[in-house]
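Numbering (the UniProt record's numbering), first residue to last: 1 to 773.
Glycine included, every Cβ here is placed at the ideal spot set by N, Cα and C.
Only a predicted model underlies this, so the values are computations on that prediction, with no experimental measurement involved.
Below is one structure, written out as structure tokens; comments come after it.
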């Protein structure tokens with residue numbers, strides 16, 4: 001960083017000996033016996049910054065510029081205050097050490113902060129970095145910005161730091177005043193842009209967070225060799241207000257042409273390999289902040305950023321004319337003002353900058369409804385703020401009651417979350433008739449719930465209850481709905497689904513042998529079932545049982561029926577819990593073997609009618625498989641996150657795990673696999689919405705195969721990177737793998753779906769062939 005400094009420029013000189021004596025009496029790291037030197041940083045257009053060296057130690061001094069200044073600018077005391085607050089909560093800033101308001105020391109107010117060794121990238125194009133590193137550095141920066149905007153002002157004791165609401169409007173007024181105060185000539189485009197911004201302030205201008213005010217890549221110190229932010233610098237313009245103003249300013253270089261000489265290496269970023277596109281940066285930011293990109297008025301914030309930059313350029317040029325500019329190239333900024341204003345005005349008036357229309361491929365091809373977008377945003381926020389924080393508590397509950405009957409009862413914290421989710425309207429989202437969402441809407445939501453084992457239960461969107469509720473909604477009588485569907489929708493009870501049998505190969509469902517025989521006003525059920533998920537929960541009150549009727553003349557797909565069996569009916573016996581790779585899945589009510597011995601239920605318990613079992617199954621399994629697949633993708637995302645975290649923090653053979661090419665390739669392949677599976681699943685959801693479950697059978701069968709295979713591969717890679725920890729109870733990966741490997745069997749094994757896909761593909765190809773001849 002010493003290459004960034006020069007001798008103190010003439011207009012910024014101050015009595016260094018006096019400063020040294022002052023610091024020796026205030027800071028323990030300063031000694032009069034050590035050589036004291038001062039050098040000025042070349043960069044920075046506002047408050048001059050200096051590198052102090054006292055013996056082996058280095059420090060940073062920030063001060064006001066000398067001479068007449070614009071009103072309200074160069075508030076050194078505010079910089080010091082906000083950095084002190086941020087440092088106290090662990091946000092990456094240099095530690096502030098001392099503030100001095102005694103102007104007799106060096107002629108102006110100043111403050112001292114620690115000096116950090118790291119990288120500052122003056123050329124925003126990062127020419128010396130690889131494309132992968134460029135991407136990582138920009139992602140780290142935008143994630144840090146999202147973290148800043150997520151901080152609580154009360155915990156920082158910065159409630160009164162700014163004026164809060166109405167920040168966008170104030171920004172327009174502030175920079176209009178700053179520009180007018182510093183203007184050296186009449187520039188019509190600046191006046192027009194000011195008027196447009198004043199008339200188009202976003203309706204959500206009441207949103208308030210801490211904002212940096214000058215968030216750029218060259219105001220960040222990165223780790224010497226990792227893509228990690230060590231400190232965010234230059235807090236002179238920080239305040240409280242609308243956070244997207246910061247993001248718009250960070251994205252401004254993407255709109256700059258390469259012809260503005262004053263900006264040099266701060267110029268256009270368009271087309272630089274590796275640097276994420278604006279849409280990607282926005283997507284990352286919104287994901288971190290649980291927001292919906294399309295709900296933000298992006299062109300206003302981009303136009304405001306250019307207007308602000310034009311105002312700053314005017315101020316720099318004004319200081320050049322006064323002879324107290326901080327930078328050596330200040331004279332070049334006069335010509336930049338009009339250029340910036342014209343670009344901003346073009347974006348404002350024509351709406352050229354629309355990153356909400358440049359969203360990810362998934363969002364672009366498969367668009368949610370407005371309601372779906374809002375619910376997804378609220379769901380992400382709920383999971384982040386309430387579900388993830390209690391994950392450890394839930395797991396500790398099941399560890400505590402590992403050998404106790406209490407294991408089958410859900411912990412109280414889950415019930416509290418369920419109550420809260422219901423109050424917030426995040427309830428029964430899987431059922432279009434209740435939620436008003438499409439299958440495509442819910443597909444995005446299901447992915448989020450898949451990232452935590454118990455999240456679906458919190459929103460009453462857990463299997464097998466979702467499938468059973470769909471059956472009752474689609475095929476149940478009014479009496480059945482009142483008796484069983486309503487309490488299921490209310491979360492008062494749970495249910496199980498009894499189809500698979502221990503003594504038959506149920507990959508061919510026509511093999512189901514459990515008998516259902518009519519006996520007067522009743523049906524009598526006899527048979528054995530297993531893998532009845534959820535049957536162990538004390539709240540499980542009803543089972544949907546698939547069984548075979550005696551009718552030898554019927555088609556083999558008309559021999560089976562589904563019937564409602566209350567679990568307290570005489571003859572129903574819960575035999576044993578089954579384990580999956582050693583896991584009993586008590587969190588989901590387990591998987592049980594259930595015997596039915598002369599179980600009598602009223603004839604009104606028959607669903608839809610005798611021999612309609614396969615018809616019901618097709619209606620039940622379509623949406624259910626879709627939900628499973630999207631939750632699976634969410635689980636894969638979580639596994640990839642764990643993989644990357646481990647690869648970043650662990651070393652082998654002298655370098656980080658991610659620096660080993662084989663692991664880097666795993667990460668890339670996992671991302672590719674997730675994106676492919678997501679697109680395939682969203683396509684199936686879209687097909688279901690447009691054409692119905694029956695017409696989308698091929699798409700559903702394909703995702704059932706692809707999603708589970710992909711997720712198994714991702715988790716397997718994550719386990720390998722974690723080594724012994726990956727197969728232990730210290731990480732969720734082993735349990736993830738057990739769940740995902742099971743999905744390659746549940747709801748039909750892969751091989752059955754492959755055969756179905758092949759059959760449908762051959763049929764479609766034959767149609768094409770016949771059409772040609």
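### Query
The alpha helix (DSSP H) spanning residue 382 covers which residue range?
370-382
### Query
Exposed or buried, which one is residue 63 when buried takes at least 16 other CB atoms within 10 Å?
buried
### Message
According to DSSP, is residue 569 part of a helix, a strand, or is it coil?
### Response
coil
### Message
To test your reading of the DSSP string, which unbroken beta strand (DSSP E) runs of 3 or more residues are found completely within the segment 104-182?
### Response
Fully enclosed beta strand (DSSP E) runs of 3 or longer: 110-114.
### Query
Should residue 248 and residue 333 be called a contact, given that it needs their Cβ atoms to be closer than 8 Å?
no
### Query
DSSP on residue 269, reduced to helix/strand/coil?
Coil at residue 269, not helix or strand.
### Task
Determine contact between the segment 193-200 and the segment 228-248, defined as no fewer than three beta-carbon pairs at a distance below 8 Å.
Contact between the segment 193-200 and the segment 228-248 is absent, because fewer than three Cβ pairs lie under 8 Å.
### Task
Could you round the C-beta distance between residue 454 and residue 493 to whole angstroms and report it? I think they count as a contact, below 8 Å.
Contact flag wrong, Cβ pair sits at about 18 Å.
### Query
Going by beta carbon distance, what residues of the same chain come within less than 8 Å of residue 760, once the five residues before and after it are set aside?
697, 698 and 701
### Query
From which residue to which residue does the alpha helix (DSSP H) around residue 37 run?
Note, residue 37: premise wrong, no alpha helix (DSSP H); beta strand (DSSP E) at 36-41.
### Task
Find the nearest neighbour of residue 615 within the set 323, 223, 510 and 170, judged by alpha-carbon distance.
Checked all of 323, 223, 510 and 170; the closest Cα to residue 615 is 510.
### Message
Rounding to the nearest angstrom, what Cα-Cα distance links residue 10 and residue 40 in this structure?
### Response
11 Å
### Query
Is residue 770 helix, strand or coil by DSSP?
helix
### Query
In its own chain, which residues sit with a C-beta less than 8 Å from the C-beta of residue 436, not counting the 5 before and 5 after it?
371
### Task
With a cut-off of 8 Å on the beta carbons, I'd call residue 714 and residue 745 a contact; round off their distance for me.
Their Cβ separation, rounded to whole angstroms, is 19 Å, which puts residue 714 and residue 745 out of contact at 8 Å.
### Message
Taking DSSP's pairing of strands, which residues face residue 498 in a bridge?
### Response
545
### Query
Are the segment 199-208 and the segment 224-231 in contact at 8 Å, needing three or more beta carbon pairs?
The segment 199-208 is not in contact with the segment 224-231.
### Query
Which residues bound the beta strand (DSSP E) around residue 707?
Premise fails: residue 707 lies in the alpha helix (DSSP H), 697-722, not in any beta strand (DSSP E).
### Contact under 8 Å by Cβ, residue 426 with residue 459
yes
### Query
Where does residue 241 fall in DSSP's three states?
strand
### Query
Could you give the uninterrupted runs of the beta strand (DSSP E) lying entirely in the segment 408-495, keeping only those of 3 residues or more?
none
### Query
Name the DSSP beta bridge partners of residue 583, please?
In DSSP, residue 583 forms a bridge with 580.
### Query
Would you call residue 625 buried or exposed, if buried means 16 or more other Cβ atoms sit within 10 Å of its Cβ?
buried
### Message
By the three-class DSSP mapping on this structure, what secondary structure does residue 754 have?
### Response
helix
### Task
For residue 225, count neighbouring Cβ atoms within 10 angstroms of its own Cβ and tell me buried if that reaches 16, exposed if not.
exposed
### Task
Report yes if the C-beta distance between residue 639 and residue 736 is below 8 Å; otherwise report no.
yes
### Query
beta strand (DSSP E) containing residue 594: first to last residue?
591-602
### Task
Pick out whichever of 220, 108 and 181 has its Cα sitting closest to the Cα of residue 117.
220
### Message
residue 632 and residue 707 - do their beta-carbons sit closer together than 8 Å?
### Response
Closer than 8 Å, so yes.
### Separation of residue 93 from residue 661, as counted between CA atoms
33 Å
### Query
Where residue 354 and residue 137 are concerned, what is the direct C-alpha to C-alpha distance, given to the nearest angstrom?
Since pLDDT at residue 354 reaches only 44, below the 50 mark, its modelled position is unreliable, and the value read off the structure follows with that caveat. A direct Cα-to-Cα measurement between residue 354 and residue 137 gives close to 24 Å.
### Query
How many angstroms separate the CA atom of residue 81 from the CA atom of residue 704?
55 Å
### Message
When you compare the CB positions of residue 563 and residue 545, do they come within less than 8 Å of one another, or not?
### Response
It is a contact, given that the beta carbons lie within the stated cut-off.
### Query
Among 672, 433, 286 and 419, which residue has its Cα nearest to the Cα of residue 374?
286
### Query
Is it true that the CB of residue 168 sits closer than 8 Å to the CB of residue 123?
no
#### Entry: In DSSP terms, what residue 527 is bridged to
596
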